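All remarks here apply to the structure that follows.
Residue numbers (our numbering), protein chains in the order written: chain A, 1 to 380; chain B, 381 to 588.
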């Protein structure tokens, strides 16, 4: 029983030492990963908008390589002297080592008892063997310091560049394009924009503004007509998302290639590089009136018209748009008919008529001849 | 003394870089072999194709582990140097992740860090445990029981790899990424501890 206890005790001591070393290696990996990630972030932000800036693929591949290096740190070659080093660090009188080296004989019990006493003392508090050399600890601390300094510098540079806080691939935040009539005219679709620009031009004569500006006053039913239409929600499948489509189709074939799990839904973030240019860079659309990022979003008057029509439809009927991103001609025709049919509403006016009003009506008819007012039609 | 320590550190660094390069070469060799087998595997059931691809990868990985073990013995290095096979496996995993990210640029690719990389690293650790040599208490070195141990390690690694591939491809479920990650990490942790004890503390275990 005592031999089993001493053997179990020495193996427990060895296991504690092994776990202590692996714990230190984990801390070293974490420091290395933190420093490498911070430096990569700093490099990406510093090289923003330059040719040397890493692509989203390179950035995320580096991050994944760093994070995936943990097994390499843990399994890095071990020295065969670790065991005896752990024993000697906990065995000031070489009692354990003497018992380990004894191959049986009259002194077995004595050596075992002394080894047990030494093992008992060694398990009190933190065994010395688990402490790493001071140079190694300083090196790991330096890694954390470098990582922290790089991280802070990267965030300062990221905020200064307009990317905000960057924990992943740095991208500039989208600034909503301010619609402007003059810029809209230069957009190349004068048929739609000029008509609205004329309406806007009329307003300065009423409210006394010095310059014609897009109407933003409250109470206007279509006050945001010149602003960006909300076709982002209406059209999920943007033409520029070739990579996303490829990913969606290839995802079905992916499982046969490697052991990978996870749904194939395309998400945002630094990795999404679905635009046609392939560089994944962000940026506001070049023309006002259309939302989007990058150069893959093609401005289209049909999308603009449909988005505006859907907004008018929702405002007039109180029903959220049900047309969808790709409505059929019949659907569109039915929606238009339903919206504009209200203009043909006929109101029957009955009951007693005020005699004064009747006299005025007769005088009007006499002065200006028969007209629509006689049938009671109402037009907006 | 200082010069000796610098030389030793340089040699260690060179060996590490060589392991990283070996991992890259291994990845390329795997792609070549799997590409060559694709016409044949296209005619078999999908589960068989997945298992065959996993077998190709494990066979090549075992070949690299045997090469490393032979180099360690010939060069008279510490037996634990066979752990460089895990470094090569991490390098291979990084390249595989990058190629996957290039094909499917979504954040879901990060799940591979828990679902795929531990498979490569764990198999390499298993081979390192089975192919290295051990020192007897009298100081004489002798190889472990090679054929049985290596065959068992290969079978286990192949079954593990194939199992993960087949489940991911044919029987996926929503919690698969996290379940696979947890299971993989538990297995990898056990293997890493076993590797450390095998080559760092075996003298104590062998004595008593």
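The beta carbon of each residue, even a glycine, is placed where N, CA and C say it ideally should be.
Computed from a prediction, not measured in an experiment: that's the story for all the values here.
Give the single residue among A:12, A:368, A:354 and A:70 whose Cα lies nearest to the Cα of residue 27 of chain A.
Residue numbering aside, residue 27 of chain A sits at position 27 when the first chain is read from its first letter. Out of A:12, A:368, A:354 and A:70, A:70 has the C-alpha closest to the C-alpha of residue 27 of chain A.
Checklist line | residue 579 of chain B beta carbon less than 8 Å from that of residue 78 of chain A | finding: As a first step, residue 78 of chain A must be located in the first chain, where it is residue number 78. As a first step, residue 579 of chain B must be located in the second chain, where it is residue number 199. In this structure, residue 579 of chain B lies closer than 8 Å to residue 78 of chain A by Cβ.
### Message
Please classify residue 480 of chain B as buried or exposed, where buried requires at least 16 neighbouring CB atoms within 10 angstroms.
### Response
The residue labelled residue 480 of chain B in the question sits at position 100 within the second chain. It is buried - the Cβ of residue 480 of chain B has at least 16 other Cβ atoms within 10 Å.
Q: Check whether the stretch 26–46 of chain A touches the stretch 452–468 of chain B, counting contact only when three or more Cβ pairs, one atom from each stretch, lie closer than 8 Å.
A: no
Using a Cβ-Cβ cut-off of 8 Å, state whether residue 424 of chain B counts as contacting chain A.
-> The residue you call residue 424 of chain B lines up with position 44 of the second chain. No, its Cβ sits nowhere closer than 8 Å to a Cβ of chain A.
Check: Going by the beta-carbon positions, is the gap between residue 430 of chain B and residue 558 of chain B smaller than 8 Å?
Finding: Counting from 1 along the second chain, the entry for residue 430 of chain B is found at position 50. Counting from 1 along the second chain, the entry for residue 558 of chain B is found at position 178. Cβ atoms of residue 430 of chain B and residue 558 of chain B: not closer than 8 Å.
Min CB distance residue 82 of chain A to chain B below 8 Å:
The residue labelled residue 82 of chain A in the question sits at position 82 within the first chain. Interface residue, yes.
So is residue 403 of chain B buried or exposed if we call it buried at 16+ other beta carbons inside 10 Å?
Along the second chain, one-based indexing puts residue 403 of chain B at 23. Residue 403 of chain B should be labelled buried.
Are residue 162 of chain A and residue 172 of chain A close, meaning C-beta to C-beta below 8 Å?
-> Reading the first chain from its first residue, position 162 is the one you call residue 162 of chain A. Reading the first chain from its first residue, position 172 is the one you call residue 172 of chain A. Contact flag set, yes.
- Using a Cβ-Cβ distance under 8 Å, would residue 69 of chain A count as near chain B? For the purposes of this step, residue 69 of chain A is identified with residue 69 of the first chain, where counting begins at 1. Judged by the 8 Å Cβ criterion, residue 69 of chain A is in contact with chain B.
With respect to the alpha helix (DSSP H) encompassing residue 337 of chain A, which residues constitute its N-terminal and C-terminal limits?
For this step, residue 337 of chain A is matched to residue 337 along the first chain. Per DSSP, residue 337 of chain A belongs to the alpha helix (DSSP H) from 329–340.
Which residues bound the alpha helix (DSSP H) around residue 64 of chain A? Residue numbering aside, residue 64 of chain A sits at position 64 when the first chain is read from its first letter. Element bounds for residue 64 of chain A: 56–67.
Under DSSP, the alpha helix (DSSP H) around residue 388 of chain B begins and ends at which residues?
Taking the second chain and counting its residues from 1, one reaches residue 388 of chain B at position 8. Run containing residue 388 of chain B: 382–421, per the alpha helix (DSSP H) assignment.
| query | Counting contacts by CB-CB distance shorter than 8 Å, is residue 101 of chain A in contact with chain B? | reply | Here residue 101 of chain A is taken as the residue at index 101 of the first chain, counted from 1. Cβ-Cβ to chain B under 8 Å: yes for residue 101 of chain A.
Taking the alpha carbon of residue 410 of chain B as the reference point, which residue from B:428, B:420, B:502 and B:440 has its own alpha carbon closest?
Here residue 410 of chain B is taken as the residue at index 30 of the second chain, counted from 1. That would be B:440, whose Cα lies nearest to the Cα of residue 410 of chain B.
task: Just tell me which of A:60, A:15 and A:358 has its CA closest to the CA of residue 488 of chain B.
output: For the purposes of this step, residue 488 of chain B is identified with residue 108 of the second chain, where counting begins at 1. It is A:60.
Check your understanding: List, in order along the chain, the chain A residues whose C-beta lies closer than 7 Å to that of residue 451 of chain B?
Key -> Position 71 of the second chain holds residue 451 of chain B. Neighbours of residue 451 of chain B on chain A: none; closest Cβ ~13 Å, over 7 Å.
message = Using beta carbons (cut-off 8 Å, strictly below), is residue 21 of chain A in contact with chain B?
response = Here the question's residue 21 of chain A lines up with position 21 in the first chain. Yes, its Cβ sits closer than 8 Å to a Cβ of chain B.
Kindly say whether residue 402 of chain B, judged by its beta-carbon, lies nearer than 8 Å to any beta-carbon of chain A. Mapped onto the second chain, residue 402 of chain B falls at position 22. Chain A contact via Cβ: absent.
Q. Given that residue 45 of chain A touches chain B, what residues does it touch there, using C-beta distances under 9 Å?
A. The count along the first chain starts at 1 and reaches residue 45 of chain A at position 45. Chain B residues near residue 45 of chain A: none, gap ~20 Å exceeds 9 Å.
Using only the alpha-carbon positions, how far apart do residue 333 of chain A and residue 312 of chain A sit?
As a position in the first chain, residue 333 of chain A is number 333, starting the count at 1. As a position in the first chain, residue 312 of chain A is number 312, starting the count at 1. Computed Cα separation, rounded: 15 Å.
Under 8 Å between C-beta atoms of residue 122 of chain A and residue 90 of chain A | What you label residue 122 of chain A is simply residue 122 of the first chain in a count that begins at 1. What you label residue 90 of chain A is simply residue 90 of the first chain in a count that begins at 1. The answer is yes: Cβ separation under 8 Å.
Quick one: list the residues of chain A neighbouring residue 393 of chain B, beta-carbon separation under 8 Å, in chain order. As a working note, residue 393 of chain B is residue 13 in the second chain. What residue 393 of chain B touches in chain A: nothing, since even the nearest Cβ is about 12 Å away.
Compute the Euclidean distance between the alpha carbons of residue 364 of chain A and residue 308 of chain A, then round it to the nearest angstrom.
Stepping through the first chain from its first residue, residue 364 of chain A is reached at position 364. Stepping through the first chain from its first residue, residue 308 of chain A is reached at position 308. Each residue's alpha carbon lies about 40 Å from the other.
Original post:
Is the CB-CB distance between residue 529 of chain B and residue 501 of chain B below 8 Å?
Top reply: Here residue 529 of chain B is taken as the residue at index 149 of the second chain, counted from 1. Here residue 501 of chain B is taken as the residue at index 121 of the second chain, counted from 1. In this structure, residue 501 of chain B does not lie closer than 8 Å to residue 529 of chain B by Cβ.
Look at residue 586 of chain B and residue 504 of chain B and say whether their C-beta atoms are less than 8 Å apart. Numbered from its first residue, the second chain carries residue 586 of chain B at position 206. Numbered from its first residue, the second chain carries residue 504 of chain B at position 124. In this structure, residue 504 of chain B does not lie closer than 8 Å to residue 586 of chain B by Cβ.
* **DSSP three-state assignment for residue 484 of chain B, whether helix, strand or coil** => One-based indexing of the second chain puts residue 484 of chain B at position 104. Residue state, collapsed to three classes: coil.
**Message:** Can you pull the chain A neighbours of residue 439 of chain B, defined as C-beta to C-beta under 8 Å?
**Reply:** Along the second chain, one-based indexing puts residue 439 of chain B at 59. Here the premise fails: no neighbours, minimum Cβ distance about 16 Å.
Notebook entry, point to check: Applying the criterion that 16 or more other CB atoms from any shown protein chain within 10 Å of the CB defines a buried residue, is residue 367 of chain A buried or exposed?
Noted result: For the purposes of this step, residue 367 of chain A is taken as residue 367 along the first chain, with counting starting at 1. Note on residue 367 of chain A: under 16 other CB atoms within 10 angstroms of its CB, so exposed under the neighbour-count rule.
Worksheet entry | Minimum Cβ-Cβ distance from residue 570 of chain B to chain A less than 8 Å | Here the question's residue 570 of chain B lines up with position 190 in the second chain. With 8 Å as the cut-off, residue 570 of chain B does not count as an interface residue toward chain A.
Original post:
Do you know how far the Cα of residue 76 of chain A is from the Cα of residue 388 of chain B?
Top reply: Within the second chain, numbered from 1, the residue matching residue 388 of chain B stands at position 8. Within the first chain, numbered from 1, the residue matching residue 76 of chain A stands at position 76. Distance between the alpha carbons of residue 388 of chain B and residue 76 of chain A: 15 Å.
Could you give the residue range of the alpha helix (DSSP H) that holds residue 84 of chain A? Sequence index remark: in the first chain, residue 84 of chain A carries index 84 (1-based). Where residue 84 of chain A is concerned, the enclosing alpha helix (DSSP H) stretches over 82–90.
Among A:9, A:154, A:67 and A:87, whose alpha-carbon lies nearest the alpha-carbon of residue 493 of chain B? Walking along the second chain from the start, residue 493 of chain B turns up at place 113. Ranking the options by Cα distance to residue 493 of chain B, first place goes to A:67.
Item to check | Residue environment, residue 466 of chain B, which counts as buried when at least 16 other CB atoms sit within 10 Å | outcome: If you number the second chain from 1, residue 466 of chain B lands on position 86. The residue is buried, with at least 16 neighbouring Cβ atoms inside 10 Å.
Practice item. Compare the Cα-Cα distances from residue 490 of chain B to each of A:81, A:315, A:64 and A:353 and report the closest residue. Key: In the second chain, residue 490 of chain B corresponds to position 110, counting from 1. Nearest of A:81, A:315, A:64 and A:353 to residue 490 of chain B, Cα basis: A:64.
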